[in-house]
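Residue numbers (the working numbering): 938 to 1184.
Ideal Cβ positions, reconstructed from N, Cα and C, are used throughout, including at glycine.
These figures come from a predicted structure and were not determined experimentally.
All remarks here apply to the structure that follows.
This is the structure in structure tokens:
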């Protein structure tokens, strides 16, 4: 997730060892149990494959060190607990280093459907399973490397943030099996999974230039979503994205 304050410079990451109490595990379990029978009809198959490969489909929060051991073997990536939300500089630097930030808290049960602040369910459950796929992981690494070139260029960096938001966070994709959720921001939200495929939001065909210009809000479900014709289309769009960003 892209917003807000980075972790403190003296200790940017927290230990990967974290004990969760009964309420926190119950919240994780509520999301996983609700989503488990729905995933095949809602999410891209690579999400389910990643959950299983990383041992994350249980009814309690998995130990990050165990997930990382499997993830490193599959794609060379790891998750890191952070003390606060990452700003663009911190976030893209982590991607460049093949790391993904994990918000070190679990949402309140009243926020099961949607939370604007990324927590363990958003970051660990929503994002990390995708990184078990090598092509996806390589794309995000390349994205981070490219974005790091624009830390002193607010407008170009904002184009990259918009593009990441409407693809990696909130993208849809049309597969031979039907339309599925590709964005991790949707995948981690019980309510938004239903909403995104309900016909209620405006769904717009994938277009690099339009996405780079499309503003977004983090405090509500997305009123406009973009749909990819295939996952490979996103990976292949990188040269076009580089062109649009650098104009």
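Run the CB neighbour count on residue i, radius 10 Å, all protein chains shown included, and call it buried at 16 or more, exposed below.
i, result
"residue 1172", "exposed"
"residue 993", "buried"
"residue 995", "exposed"
"residue 978", "exposed"
"residue 1041", "buried"
"residue 972", "buried"
"residue 905", "The structure shown has nothing for residue 905, since the chain only spans 938 to 1184."
"residue 1013", "exposed"
"residue 1032", "buried"
"residue 1146", "exposed"
"residue 1125", "buried"
Pull the bridge partners of residue i from the DSSP assignment, please.
i, result
"residue 1112", "1115"
"residue 1036", "1015"
"residue 1142", "1164"
"residue 1171", "DSSP lists no partner for residue 1171."
"residue 980", "1118"
Measure the CB-CB distance between residue i and residue j and report whether it falls below 8 angstroms.
i, j, result
"residue 1083", "residue 1121", "no"
"residue 981", "residue 1110", "yes"
"residue 1061", "residue 1107", "no"
"residue 1094", "residue 1103", "no"
"residue 1063", "residue 1029", "no"
"residue 1069", "residue 991", "yes"
How long is the line joining the alpha carbons of residue i and residue j, rounded to whole angstroms?
i, j, result
"residue 1141", "residue 1127", "22 angstroms"
"residue 1182", "residue 984", "29 angstroms"
"residue 1144", "residue 1175", "12 angstroms"
"residue 961", "residue 1018", "16 angstroms"
"residue 1071", "residue 1011", "7 angstroms"
"residue 941", "residue 1004", "Note on residue 941: pLDDT 33, under 50, position unreliable in the model; no value is reported."
"residue 1154", "residue 1009", "33 angstroms"
"residue 1149", "residue 1001", "33 angstroms"
"residue 938", "residue 969", "With a pLDDT of 44 at residue 938, under the threshold of 50, the modelled position of that residue is not reliable, and the figure given next carries that caveat. Residue 938 and residue 969: Cα-Cα distance of roughly 21 angstroms."
"residue 1035", "residue 1079", "10 angstroms"
"residue 986", "residue 1099", "27 angstroms"
"residue 1059", "residue 1015", "16 angstroms"
"residue 1166", "residue 1119", "11 angstroms"
"residue 1157", "residue 975", "22 angstroms"
Using only the heavy atoms of the ligand MN, determine whether one of them is closer than 7 angstroms to the beta carbon of residue i.
i, result
"residue 1069", "The model depicted lacks the ligand MN and carries no ligand whatsoever."
Which residue marks the beginning of the alpha helix (DSSP H) containing residue i, and which one marks its end?
i, result
"residue 1130", "1127 to 1133"
"residue 972", "959 to 972"
"residue 1062", "Taken as a continuous stretch (DSSP letters only), residue 1062 belongs to no alpha helix (DSSP H), as it is neither H nor E."
"residue 1094", "1091 to 1101"
"residue 1079", "1071 to 1084"
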